[in-house]
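>
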Amino acid sequence: MKRLFCAVKVPVNETIEEVINAYRQELAEARISWVSPQNLHLTLKFFGDTPSQDIPAIQEALHLSAFEMPPFNFTVEGCGTFGSLRQPNVIWLGIRNAKMLTALYHSLNTHLEPLGYVPDKKLFTPHLTIGRIKSISDTLTLRTLESEYSAETFATIRTESFFLMESFLRPQGPIYNVVEEFKLGEGQRA
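When we follow my numbering, the leftmost residue of the sequence shown carries the number 6, and every step to the right adds one.
Encoded structure:
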């Protein structure tokens, strides 16, 4: 069994690093598991524990989506939290101009559903998780940071591929290894 997910890797620029550091400094008293910059990614599909014999069929489905989709851009902009106002559980950076990203998400679901991987019931909300909140008493500082960065653009990302990743969970944080890279636009005419 391998713990797998499909994702777009997001390179960390100086602006993204600054906002993550601001959150870390201002919320130092809270218990938050911060995502390390090299692990920053946008999840397209979480497979979870996957039998080894299922992986080739998954890879074929991902190749079909990559073949159909051209490279595209999206914008990392704004920030927020998931969970309630009193008990937020995830801190994220937002994604804008996500039309093609959403199209890729739907293409993946179309090709994976015949394999038994049903689409999530929740609406696809592309985001970059930067921290997972274990406990926090100062939600006011969290809301202040959210307001401060809500309209800020952090980066425009050129997406030319996506990845099938394997995750290994450890107490110090997960390790992600690339299983395969899928280049976009293989079926596009020049």
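Every residue gets a Cβ at the ideal spot worked out from N, C-alpha and C, and that includes glycine.
Taking a contact to mean a Cβ-Cβ separation below 8 Å, would you say residue 190 touches residue 74 in this structure?
Yes, the Cβ-Cβ distance between residue 190 and residue 74 is below 8 Å.
> Taking the CB atoms as reference points, tell me whether residue 36 and residue 140 lie closer together than 8 Å.
yes
> Please return the same chain residues whose Cβ sits closer than 8 Å to the Cβ of residue 155, not counting the five positions on each side in sequence.
For residue 155, where only same-chain residues beyond five positions count, the Cβ hits under 8 Å are 83, 84 and 85.
> For residue 120, which residues in the same chain have their Cβ closer than 8 Å to its Cβ, ignoring the five residues on either side in sequence?
59, 62, 63 and 66
> Would you decide whether residue 70 is buried or exposed? Buried here means 16 or more other CB atoms lie within 10 Å of its CB.
buried
> By a C-beta neighbour count over all protein chains shown, 10 Å radius and 16 as the cutoff for buried, is residue 174 buried or exposed?
Classified as exposed, residue 174 has fewer than 16 neighbouring CB atoms from the shown chains inside 10 Å of its CB.
> Check the DSSP bridge columns for residue 166 and list the partner residues they point to.
188
> Please report the distance separating the alpha-carbon of residue 100 from that of residue 56.
32 Å
> Assign residue 111 to buried or exposed, taking buried as 16 or more other Cβ atoms, counted over all protein chains shown, within 10 Å of its Cβ.
exposed
> Note down, in chain order, each residue of its chain lying with its Cβ closer than 7 Å to the Cβ of residue 46, except the 5 sequence neighbours on either side.
12, 13, 14 and 15
> Might you give, ordered along the chain, the residues of its own chain that have their beta carbon closer than 6 Å to the beta carbon of residue 93, omitting 5 neighbours on each side?
The residues are 86 and 138.
> Assign residue 170 to one of two classes, buried (16 or more other C-beta atoms within 10 Å of its C-beta) or exposed (fewer than that).
buried
> Compare the Cα-Cα distances from residue 98 to each of 90, 6, 116 and 42 and report the closest residue.
The option with the nearest alpha carbon to residue 98 is 42.
> How would you write the range of the beta strand (DSSP E) that residue 12 sits in, first residue to last?
7-14
> Along the alpha helix (DSSP H) that carries residue 104, what are the first and last residues, could you check?
104-117
> If you count every other CB in all the chains shown that lies within 10 Å of the CB of residue 50, and 16 or more means buried, which is it?
buried
> Does the beta-carbon of residue 164 have 16 or more other beta-carbons within 10 angstroms, so that it is buried, or is it exposed?
buried
> If we call anything under 8 Å between Cβ atoms a contact, is residue 77 one with residue 105?
yes
> Quick check: what's the CA-CA separation for residue 53 versus residue 181?
13 Å
> If you follow the alpha helix (DSSP H) that residue 73 is part of, which residue opens it and which one closes it?
Under the DSSP assignment, residue 73 falls in the alpha helix (DSSP H) whose first and last residues are 60-73.
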